[in-house]
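A short write-up of the structure that comes next.
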Amino acid sequence: MTRVLVVDDEPQIIRTLRINLKARGYQVDTAPDGRTALELAARHNPDLVLLDLGLPDLEGVEVVHGLRGWTGVPIIVLSARHSAGEKVEVLDAGADDYVTKPFGMDELLARMRAALRRAAPAEEEAVVATADFTVDLAAKRVVRNGADVRLTPTEWHVLEILVRNPGRLVSQQHLLHEVWGPSYATETNYLRVYLAQLRRKLEPDPARPRYFITEPGMGYRFDG
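Numbering (the working numbering), first residue to last: 205 to 428.
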């Protein structure tokens, strides 16, 4: 079931979208402001976000920046603002589409389907090869210098999330949620320990990481 996060501070729009989307088989989460939206997105990993620009706490473009820090989820902006400059700004920030209020439900649904089609993953590379080691995602196997590298299940889970998102910042919260669960959202020391272990096993010089990069205060990035 496709999961949609609807972000809008107008209860009537929230209600209308929830009813219409659920009737068409979508799973729907709703948020009345930007901070709640970012928390829900980190917790539930929606397949698509419908985002109003005029929120009470954050500008919609700030929410787009917050999401784009760690996810490529399709974002469709819904706004009563007609300024071309605002449209360009939010699209440049990383939104995928812009629908002006008031909008027809059929048009919105068609744009949602198009955004989801574009976001469908291409055939994924089963093997990620670097100059120093190879990760076989299908076989759950890591090889370095011709020999298998023994990883614990938790080390593998952290590694897999990072290598499946090459070049992207993966937030601390997302990693903690995916590997340990929602109750561990503040246990950033877990990540420091496991990233140190991965670097010791895979980096040519663990003190100067080439592949597993820390973005201080934000998260980690795999540079393959």
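The beta-carbon is built from N, C-alpha and C at its ideal position, and this holds for glycine as well. What you are looking at is a predicted structure, and each value in this text was computed from that prediction instead of being measured.
Return the chain-ordered list of same chain residues with a C-beta closer than 8 Å to the C-beta of residue i, the five sequence neighbours on each side being excluded.
i: Arg247; result: His381 and Pro386
i: Val177; result: Residue coverage of the chain in this structure runs from 205 to 428, which leaves residue 177 outside it and unanswerable.
i: Pro413; result: Arg403 and Glu407
i: Met422; result: Gly273, Leu373, Ser375 and Gln376
i: Glu391; result: Leu380 and Trp384
i: Val292; result: none
i: Ala297; result: Val265, Val268, His269 and Arg272
In chain order, what residues of the same chain lie with their CB nearer than 7 Å to the CB of residue i, ignoring the 5 residues before and after it?
i: Leu312; result: Val303
i: Trp506; result: Because the chain is modelled from 205 through 428, residue 506 falls outside the range shown and cannot be assessed.
i: Thr334; result: Tyr415 and Gly428
Just list the residues that DSSP pairs residue i with in beta bridges.
i: Glu263; result: Gly258
i: Thr234; result: Val210
i: Leu282; result: Asp256 and Val303
i: Arg239; result: DSSP lists no partner for Arg239.
i: Thr418; result: Tyr424
i: Arg345; result: Asp340
i: Ala333; result: Thr338
i: Ala411; result: Per DSSP, none; premise fails for Ala411.
i: Asp352; result: Val347
Mind reading off the beta-carbon distance from residue i to residue j? Whole number of angstroms is fine, and I expect it under 8 Å.
i: Thr358; j: Val374; result: At roughly 15 Å, the Cβ-Cβ gap does not stay under 8 Å, so Thr358 and Val374 are not in contact.
i: Gly434; j: Leu259; result: Missing from the structure shown is residue 434; the chain here goes from 205 to 428 and no further.
i: Val208; j: Leu255; result: Contact doesn't hold; Cβ gap of about 11 Å is too wide.
i: Val362; j: Tyr398; result: 5 Å
i: Thr240; j: Val210; result: In fact, because the Cβ distance is near 11 Å, the residues do not count as touching under 8 Å.
i: Phe337; j: Arg321; result: Actually they do not touch by this definition, with Cβ atoms about 34 Å apart.
i: Leu257; j: Val294; result: 7 Å
Who are the Cβ neighbours of residue i in its own chain at under 6 Å, not counting the five residues just before and after it?
i: Pro278; result: Leu252, Asp300, Ala319 and Ala323
i: Met309; result: Asn224
i: Trp274; result: Leu373, Val374, Ser375 and His378
i: Ala330; result: Leu341 and Ala342
i: Glu214; result: none
i: Asn393; result: none
i: Leu262; result: Gly238
i: Leu221; result: Val210
Any C-beta of chain C sitting closer than 8 Å to the C-beta of residue i?
i: Pro236; result: In the displayed structure, chain C is absent; only one protein chain is listed.
Quiz item: Between the stretch 274-291 and the stretch 302-319, do three or more beta carbon pairs fall short of 8 Å?
Solution: yes
Quiz item: Are at least three pairs of beta-carbons, each pair with one atom in the stretch 217-230 and one in the stretch 261-277, less than 8 Å apart?
Solution: no
Self-check item: Residue ranges of each beta strand (DSSP E) within the stretch 355-388, 3 or longer
Solution: 373-375
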